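Structure first, then comments.
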Amino acid sequence: MEKNHDRELYARKGMGWALALVIAGIFTIDFSLFSEDHVPYWAYVLKFFALFFTLFTVSRFFSGSTNAKKMISLSVVSAIFIAACVAVFILM
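Take 535 as the starting number for the sequence shown in this note's numbering and just add one per residue.
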C-alpha cells in the first residue's frame, strides 16, 4: 500500500514539472518571434525560465507539499531568478 502511494506521489510530481514546462513554453512563444521585429532570443529564454519557475512554485504551493523547507527554498530561488531577469531587462 505504501509503495503504491509513493508511486502516485512521484507521478504527480513529475507531471507538475512536465505541465509547467508545457505551459511556460506556450506562454513564451509569441507572433513577433517569427517576424523581423522582436526582442533578442536570450530574452525569450529568460522569459521561459521565469515563467517555468513561477508556474512550478505556484503548482507546488497549491498541491499541498508537505515539506515546507523545500517549498520556501524553491520560492526564494524563484524570486531571486525572476528579480534577476527583471534587472537584466531594465539594464539592457
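For each residue, glycine too, the CB sits at the ideal point set by N, CA and C. Computed from a predicted model, the values in this text were never measured in an experiment.
Do F586 and L555 have their beta-carbon atoms positioned less than 8 Å apart in this structure? Taking the first residue of the sequence shown as 1, we reach residue 555 at position 21. Taking the first residue of the sequence shown as 1, we reach residue 586 at position 52. In this structure, L555 sits near F586, with a CB-CB distance shorter than 8 Å.
Taking 8 Å as the threshold (C-beta atoms), are F590 and G559 in contact? As a first step, residue 559 must be located in the sequence shown, where it is residue number 25. As a first step, residue 590 must be located in the sequence shown, where it is residue number 56. For G559 and F590, no; Cβs fall outside 8 Å.
How big is the Cα-Cα spacing for V622 and L567? Translated into positions along the sequence shown, residue 622 becomes position 88. Translated into positions along the sequence shown, residue 567 becomes position 33. Each residue's alpha carbon lies about 19 Å from the other.
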